[in-house]
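Asks: The structure is given below, and queries will be raised subsequently.
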Amino acid sequence: MTFSEDPLDVGLLDRAEAAVRLSATDPRLALVEARAVLDLAAGAYGEAASVALRATALAARELGDLELAGERLEEAIAAAGHGFPRRVAQARMSLVTVRAQLGDPEGGLLLADLAERDLTGADLARLGVQRSVALILLGRHEEAVRHCDRAIGLLDDDPLFRAGGLLNRGLAHTYLEQYGEGEADLAECARVARATGLDHIAMLAEGNLPFVAARRGDIAAAFSRYRAAEAALFGYPERLAVMRTDFAEVLVAARLPGEARTLLEQAVPELVAAGAQAALPGARLLLAQAALLAGDAPLAETTARTALAELDAQGRAAWLPLAREVVLRARLAETPTPLAVHARDATAQTQAGGTRDGMAQTESGGTRDATPQTQGGDRPSAAGAERLVTDLVACADDLAACGWPGASAALRLTAAAAAVRLGAITPALPQLDRVAATATRPLVRWHAVAMRHRLDGDLDRALAAAARGIDAVHAPGGGAQSDGAQGDGAGPRDRDADRDPARDAELRVHAARPAEDLAAFGLEIALDRARRTGDARTVLAWAERWRAVVRGAAAPTSALHGVPPAGSGLLVELVRRGDDLFAVTAGSKGCALRALGSYQAAVEATVRIRYGLRRRALQDALRDAPRDARHDALRDPRHDAGDLPGAADEGIAREMSALDHALLSGPGTLTSAGGRPGGPVTIVPTGALSTLPWPLLPSLRGRPVSVAADAAAWLAPRPRPAGVPLVLSLAGPGLDHAAAEADMVAAAHARSRRVAATRAEALAALERADVLHIAAHGMFSPRGPMLSQITLDDGPLMAYDLLAARRIPRLVVLSACDAGMAHAPVDGAALGLAGAFLDGAARNGDAACVVAGVVPVRDDEALTLMTVFHTLLAEGRSPAEALAQASEKTAVPGFVCFGAGDEPLVAV
Numbered sequence: 008m009t010f011s012e013d014p015l016d017v018g019l020l021d022r023a024e025a026a027v028r029l030s031a032t033d034p035r036l037a038l039v040e041a042r043a044v045l046d047l048a049a050g051a052y053g054e055a056a057s058v059a060l061r062a063t064a065l066a067a068r069e070l071g072d073l074e075l076a077g078e079r080l081e082e083a084i085a086a087a088g089h090g091f092p093r094r095v096a097q098a099r100m101s102l103v104t105v106r107a108q109l110g111d112p113e114g115g116l117l118l119a120d121l122a123e124r125d126l127t128g129a130d131l132a133r134l135g136v137q138r139s140v141a142l143i144l145l146g147r148h149e150e151a152v153r154h155c156d157r158a159i160g161l162l163d164d165d166p167l168f169r170a171g172g173l174l175n176r177g178l179a180h181t182y183l184e185q186y187g188e189g190e191a192d193l194a195e196c197a198r199v200a201r202a203t204g205l206d207h208i209a210m211l212a213e214g215n216l217p218f219v220a221a222r223r224g225d226i227a228a229a230f231s232r233y234r235a236a237e238a239a240l241f242g243y244p245e246r247l248a249v250m251r252t253d254f255a256e257v258l259v260a261a262r263l264p265g266e267a268r269t270l271l272e273q274a275v276p277e278l279v280a281a282g283a284q285a286a287l288p289g290a291r292l293l294l295a296q297a298a299l300l301a302g303d304a305p306l307a308e309t310t311a312r313t314a315l316a317e318l319d320a321q322g323r324a325a326w327l328p329l330a331r332e333v334v335l336r337a338r339l340a341e342t343p344t345p346l347a348v349h350a351r352d353a354t355a356q357t358q359a360g361g362t363r364d365g366m367a368q369t370e371s372g373g374t375r376d377a378t379p380q381t382q383g384g385d386r387p388s389a390a391g392a393e394r395l396v397t398d399l400v401a402c403a404d405d406l407a408a409c410g411w412p413g414a415s416a417a418l419r420l421t422a423a424a425a426a427v428r429l430g431a432i433t434p435a436l437p438q439l440d441r442v443a444a445t446a447t448r449p450l451v452r453w454h455a456v457a458m459r460h461r462l463d464g465d466l467d468r469a470l471a472a473a474a475r476g477i478d479a480v481h482a483p484g485g486g487a488q489s490d491g492a493q494g495d496g497a498g499p500r501d502r503d504a505d506r507d508p509a510r511d512a513e514l515r516v517h518a519a520r521p522a523e524d525l526a527a528f529g530l531e532i533a534l535d536r537a538r539r540t541g542d543a544r545t546v547l548a549w550a551e552r553w554r555a556v557v558r559g560a561a562a563p564t565s566a567l568h569g570v571p572p573a574g575s576g577l578l579v580e581l582v583r584r585g586d587d588l589f590a591v592t593a594g595s596k597g598c599a600l601r602a603l604g605s606y607q608a609a610v611e612a613t614v615r616i617r618y619g620l621r622r623r624a625l626q627d628a629l630r631d632a633p634r635d636a637r638h639d640a641l642r643d644p645r646h647d648a649g650d651l652p653g654a655a656d657e658g659i660a661r662e663m664s665a666l667d668h669a670l671l672s673g674p675g676t677l678t679s680a681g682g683r684p685g686g687p688v689t690i691v692p693t694g695a696l697s698t699l700p701w702p703l704l705p706s707l708r709g710r711p712v713s714v715a716a717d718a719a720a721w722l723a724p725r726p727r728p729a730g731v732p733l734v735l736s737l738a739g740p741g742l743d744h745a746a747a748e749a750d751m752v753a754a755a756h757a758r759s760r761r762v763a764a765t766r767a768e769a770l771a772a773l774e775r776a777d778v779l780h781i782a783a784h785g786m787f788s789p790r791g792p793m794l795s796q797i798t799l800d801d802g803p804l805m806a807y808d809l810l811a812a813r814r815i816p817r818l819v820v821l822s823a824c825d826a827g828m829a830h831a832p833v834d835g836a837a838l839g840l841a842g843a844f845l846d847g848a849a850r851n852g853d854a855a856c857v858v859a860g861v862v863p864v865r866d867d868e869a870l871t872l873m874t875v876f877h878t879l880l881a882e883g884r885s886p887a888e889a890l891a892q893a894s895e896k897t898a899v900p901g902f903v904c905f906g907a908g909d910e911p912l913v914a915v
């Protein structure tokens, strides 16, 4: 009897192979069985020991310990020795994935080549599945699909590897932007896995559905699927972390950096703990991108440098330029503008028409004050600025060499803009010419052409080129056009036929959307042009174009050629260029442009006003508290004489008067375009000014005021009220007067009733109500606005839940603390609860209005205000008019009318 025929050896081998199979369904029991085999083998039976060690490795992999899995597989290879080449090959096959996920996908492919020599039949198919993991990590997605295609058809008798092949192919399809195929593979994977008891594989497939949905652009479905996947993957921290990282990638691309950062700050420590070295640098790089989008350049640079070092250590040379780009963009964000241009460039700049009136260009090609913002008043180093531009160009070269042509062209454009910004026109020109001649993306090429015209002093041609670039985004095929249709002799040739979907998908990790950058550049040119020509209407058109690009929509054409619809009142749209704040107004007498001073000063005043209103709300709560509690609070050293209500009111009044003078009354903003006294006003704010309680400013007090993310509703024709509106109300938990408020609303209108405060009822009410009144606690999440919520009886109604609504009522009233707070990474994308309702209506082509608070309002005060508001609303007042009159009559501040607030809901 030979050694391999020893009954003990055969029995141990059977037990070891059973442990391998068990590792996929019950890894902890598999560990027990494999260790029992190793104890019995006691080093004497090489084949059984090798298989048992492989079983412990697979179990450790399932439990998230990649480093232990790698160690055990190396031991399995050693235990098999030269006598069992098939067992060596099987251990190497398993090591392919582990090595790749530990950060060495190239090494994993080398192992696959070694293993292939001694594998046959189904084992070769299994190797193809393992190989696809390394290929996906290397960005070789088409190869991964081919390997999975060959393997899946040969694995009908192995549900574990068949499901794995479907999972990997689904991910590869998703990276290739073949979303239907990706979803189909993941669904089939889940079906196969569930049918054979491989629940954890099914959870992995379902856990990747948020990634597919988000890459497809369906953020609402992505959030919903993420919530389900997070619960399903509980207990698998490494895989949950990978799922969070994948989801965060598309949230960054969707301009939701706060939500992405929240996920990544959970994922990175989990990946570190699991030893998932391959996934870790990508997660850090995304975290750096999210930080850069949120304006935290120091964190972005530090995190990107860590990712760069990890990628370098793993030998992933193709990814190094991507990390280096984030480092450079972060450095650029922290680089101030120098006092003057370099002497050797002065003549060239003057000839090019680059800067005028003491202004220097911004990164996006516009102008900004040329005053340096350095710490301690030191002038920035000209040599340091030159080195940064040189580094940007070198990184663009590296990106191109490593197969990232789109990222290369975008960064080269940034380098040219940075050179202009830093006063070095001469080095910028060849970079712009190169981008205009060679970039594969029409949007980037037209941006380079527009910048070139701007430097030549031809603002009209610059605007025309910028418009062509924006239009290319909406053109069939993503902007591919024939050369004969360009109409601009300096225009670029389109090369979208060369676009690589796999590479283009990866560009979603970059910090800024090129279309937004180009639209912002166009707005800055329009502002410069208006200084020469007084053409405020073009400024308005480009402001609306910019906001439309952010939303992914087309700009309203009436901003260019029409006149304001009858009864629309006055439009005040705020725009900024650097720290310079402007108002473009439109009304019965046309358009006008007014300079308003410092944007940052207005933001700081807004913060002080909001703080004062919050403090006053706290003082009111103390005043109404029991005597002992009030006495103890006032003795608290944190309270001083300045906390007395009278002093607080005076301070708030002074701040609001000063801000009103800066923005409205001082520059004559409300009278510059024919606005009638007391008439309706639509404010389109910029940046943090979205959080200002605009109706409290003296010039606006008592006037119907609507605050909107854009001018679309103001430009649209006024619709007539259609019939008697259906009014639904609900009362959330934890508010003493909420039930009375909901009942009051139901009694105030002809067709109305109260509904239960559950998520299902609230979402159903959205589908059928004309007016929905929600009296409930609200919570604004400043770091992740789409995570803002309203508290209902059975859980929170999240802002992202509203993205899936098929219909939004014409009026939503959020009688909840801070429910109207919003934050937008860029103008036009106001987020939070109010923004989510309005965005949902806009997607359906409807105009809606949301009345919500932007500062704390007491429960009883909300009831008082809303009683008067709904009475006026039922009489036929518009929401903005009803809110203005109710606020004046009740002296309850803090509510704002968002969206289309000047449209009555009831015919009179």
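Using my numbering, the first residue of the sequence shown is number 8, and each one after it goes up by one.
The beta carbon of each residue, even a glycine, is placed where N, CA and C say it ideally should be.
Since this is a predicted model, take the numbers as computed values, not measurements.
#1: Do you know whose CA, among Val861, Arg865, Arg814 and His877, lies nearest Asp853's CA?
#2: Measuring only the C-alpha atoms, how far is Ala67 from Ala281?
#3: Check for me: the alpha helix (DSSP H) holding Glu748 runs from which residue to which?
#4: How about Leu315 and Val334: do their beta carbons lie closer than 8 Å?
#5: Would you mind reading off the limits of the alpha helix (DSSP H) that contains Leu462?
#6: Near Leu15, what residues of its chain come up, given a Cβ to Cβ distance below 6 Å and the 5 sequence neighbours on each side ignored?
#7: What do you get for Ala729, buried or exposed, if any count of 16 or more other CB atoms within 10 angstroms of its CB means buried?
#8: Are Gln108 and Leu73 closer than 8 Å when you measure CB to CB?
#9: Assuming Arg459 and Leu439 are in contact, meaning their beta carbons sit under 8 Å apart, how far apart are those beta carbons, in whole angstroms?
#10: Figure out for me which residue from Val427, Ala424, Asp465 and Ser415 has the closest Cα to the Cα of Thr445.
#11: I'd like to confirm the pairing. Which residues does DSSP put opposite Ala580 in its beta bridges?
#12: DSSP has Glu600 in a bridge; who is on the other side?
#13: Which residue comes first and which comes last in the beta strand (DSSP E) that contains Arg758?
#14: Output yes or no for whether 8 Å exceeds the beta carbon distance between Ala599 and Leu670.
#15: Roughly how many whole angstroms lie between the Cα atoms of His780 and Gly529?
#16: Who are the Cβ neighbours of Arg969 in its own chain at under 7 Å, not counting the five residues just before and after it?
#17: Rounded to the nearest angstrom, what separates Tyr233 and Arg708 at their Cα positions?
#18: With a CB to CB cut of under 6 Å and the five nearest residues on each side skipped, what residues in its chain are close to Ile208?
#19: Taking the C-alpha atoms as reference points, what is the distance between Gly664 and Gln296?
#20: Is it right to say Cys904 is buried, meaning 16 or more other beta carbons lie within 10 angstroms of its own, or is it exposed?
#21: Identify every residue that forms a DSSP beta bridge with Ile159.
#22: Out of Ser788, Arg336 and Gln892, point me to the one whose CA is closest to Thr2's CA.
#23: Determine the direct distance from the alpha carbon of Val752 to that of Arg683, and round the result to whole angstroms.
#24: Determine the closest residue to Ala56 out of Arg22, Ala426 and Val105, with distance taken between C-alpha atoms.
#25: For Ala754 and Gln796, I'd like the C-alpha separation in whole angstroms.
#26: Near Leu799, what residues of its chain come up, given a Cβ to Cβ distance below 7 Å and the 5 sequence neighbours on each side ignored?
#27: Please confirm whether Leu733 has its beta-carbon closer than 8 Å to some beta-carbon of chain C.
#28: Span of the alpha helix (DSSP H) holding Pro34?
#29: Kindly indicate which residue of Ala757, Pro816, Asp750 and Thr698 has the alpha-carbon position closest to the one of Phe787.
#30: Would DSSP call Val858 helix, strand or coil?
#31: By the 10 Å Cβ neighbour count, where 16 or more other Cβ atoms means buried, how is Gly88 classified, buried or exposed?
#32: Are the Cβ atoms of Ser595 and Gly908 separated by less than 8 Å?
#33: Counting C-beta neighbours from all protein chains within 10 Å, is the total for Gly71 16 or more, i.e. buried, or is it exposed?
#34: Where do the N-terminal and C-terminal ends of the alpha helix (DSSP H) with His207 fall, by residue?
#35: For Val734, is the classification buried or exposed, using 16 other Cβ atoms within 10 angstroms of its Cβ as the cut-off for buried?
#36: Going by C-alpha to C-alpha distance, which of Leu794, Glu748, Gly842 and Glu774 sits closest to Thr878?
Replies: This is what the structure gives:
#1: Arg814
#2: 10 Å
#3: Ala745 to Ala755
#4: yes
#5: Pro449 to Leu462
#6: Only weak support is given to the placement of Leu15: the predicted model assigns it a pLDDT of 47, under 50, and the question is left unresolved by the model.
#7: exposed
#8: yes
#9: 5 Å
#10: Ser415
#11: In the sequence under discussion, the amino acid at residue 580 is Glu, which differs from the Ala named in the question. In DSSP, Glu580 forms a bridge with Val591 and Val691.
#12: Checking the sequence, you will find Leu at residue 600 rather than Glu. Beta-bridge pairing links Leu600 to Val591.
#13: Arg758 to Arg761
#14: no
#15: 40 Å
#16: Because the chain here runs from 8 to 915, residue 969 falls outside it and cannot be looked at.
#17: 44 Å
#18: Ala170 and Ala200
#19: One detail in the question is off: residue 664 reads as Ser in this sequence, not Gly. Computed Cα separation, rounded: 39 Å.
#20: buried
#21: None, per the DSSP bridge assignment.
#22: Because residue 2 is not part of the residues shown, which for the chain are 8 to 915, the question remains open.
#23: 33 Å
#24: Arg22
#25: 27 Å
#26: Gly739, Ala764, Thr765, Arg766, Ala769 and Ala783
#27: In the structure shown, chain C does not exist; there is a single protein chain.
#28: Pro34 to Ala48
#29: Thr698
#30: strand
#31: exposed
#32: no
#33: buried
#34: Asp206 to Gly214
#35: buried
#36: Glu748
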